[in-house]
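Numbering of the sequence shown is given in the numbering used here, commencing with residue 150 and proceeding in unit increments.
What follows is a single structure, written as structure tokens, with notes after it.
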Amino acid sequence: MTIRVLLADDQTLVRAAFAMLVDSACDMEVVGQAGTGREAVELARSARADLIVMDVRMPDLDGIEATRLIAADEDLAGVRVLVLTTYDTDEHIVEALRAGASGFLVKDTRPAELLDAIRLVAAGDALLSPGPTARLIARALRAPDPRPLLPGAGPDGLSDRERQVLTLVARGLTNTEIAATLGLSPLTAKTHVSRIMGKLVARDRAQLVIVAYESGLVTPGTV
């Protein structure tokens with residue numbers, strides 16, 4: 150199955166380099182390139198990409214607003230956004246995750262890691278580095294957004310086991326690592342994660358991380 154990738158970056162040379170890299174992989178192809186956030190939104194609707202590699206800082210409409218528009222479009226419900234940033238401490242990353250991004254990656258990531266990240270996010274997982282994520286969420290908690298990520302959703306309706314699983318998801322553990330930590334089978338861990346996403350009406354693990362921090366279930370010092 151080929152992953153259809155849309156590249157959004159205001160630097161032509163960067164887009165060209167990413168395009169060559171993505172097209173070199175046998176399981177993915179570039180279906181469009183955008184130089185602004187507005188172009189990214191328009192191409193997301195016309196090119197039918199599976200995943201968008203989105204730069205945060207772009208003219209006309211930045212990557213955060215573009216991500217928000219894409220995530221809010223019901224016709225683009227299956228489209229994932231992987232945000233690119235220059236530094237892993239970029240203050241806009243939290244905003245991008247709130248907007249609906251499924252993860253973030255720094256631009257100096259090695260080529261093979263970028264391809265792996267595309268595969269991971271396209272498969273429905275979240276790409277969140279635990280250390281940087283904790284620092285970013287800590288900053289967000291000092292000045293919280295008055296709008297909850299998922300209105301009316303929170304961990305109160307989860308079972309004790311589900312709260313344990315959500316805590317581990319927020320700490321950056323994979324399903325396999327969660328299974329090993331709690332003495333479960335990988336399939337059971339995956340089922341728990343899926344059930345939690347359903348209860349919280351979350352589109353992916355990135356939203357679960359934000360919910361865990363916003364609700365106080367996990368604090369930066371526990372990561």
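Glycine is no exception: its CB is placed at the ideal position from the N, C-alpha and C atoms.
Only a predicted model underlies this, so the values are computations on that prediction, with no experimental measurement involved.
Here Ser343 is exposed, its C-beta having fewer than 16 other C-beta atoms within 10 Å.
With 16 or more neighbouring CB atoms inside 10 Å of its own CB, Val314 falls in the buried class. Looking at the DSSP output, Met177 bridges to Ile152. In the DSSP assignment, Asp204 falls within the unbroken beta strand (DSSP E) covering Leu200 to Asp204. Apart from the 5 residues on each side of it in sequence, Arg229 sits with its Cβ closer than 8 angstroms to the Cβ of Asp199, Leu200, Ile201, Ser251, Val270, Ala271, Gly273 and Asp353 in its chain, given in chain order. Note on geometry: alpha-carbon atoms of Arg187 and Ile219 lie some 10 angstroms from one another. Val179 is the residue among Val243, Val179, Asp158 and Val350 whose C-alpha sits nearest the C-alpha of Leu264. Here Gly184 really is in contact with Asp159; their C-beta atoms are around 5 angstroms apart, less than 8 angstroms.
Shown here, Gly249 sits in coil according to DSSP, grouped into three states, outside any helix or strand. Counting C-beta atoms within 10 angstroms of its own C-beta, Met150 has fewer than 16 neighbours from the protein chains shown and is therefore classed as exposed. In the three-state DSSP reduction, Ala166 falls in the helix class (H, G or I). In chain order, Leu315, Ala319 and Val367 place their CB closer than 6 angstroms to the CB of Ala361, counting only its own chain and leaving out the 5 sequence neighbours on each side.
In the structure shown, Arg217 adopts helical secondary structure according to DSSP, grouped into three states.
Between Ala245 and Thr216, the gap from beta carbon to beta carbon is short of 7 angstroms. Glu363 and Ser195 have their alpha carbons spaced roughly 35 angstroms apart. Separation of Glu191 and Pro335 (C-alpha to C-alpha, rounded to the nearest whole angstrom) is 39 angstroms. Counted as a single uninterrupted DSSP element, the stretch harbouring Val360 is not any beta strand (DSSP E) but the alpha helix (DSSP H) occupying residues Arg354 to Glu363. Proximity to Ala221 across His241, Ala193, Arg153 and Phe167 peaks at Ala193, based on C-alpha coordinates. Here DSSP, grouped into helix, strand and coil, assigns Ala261 to helix. Gly321 counts as buried, since at least 16 other C-beta atoms from the protein chains shown sit within 10 angstroms of its C-beta. Just so you know, the alpha carbons of Asp211 and Phe253 end up roughly 15 angstroms apart.
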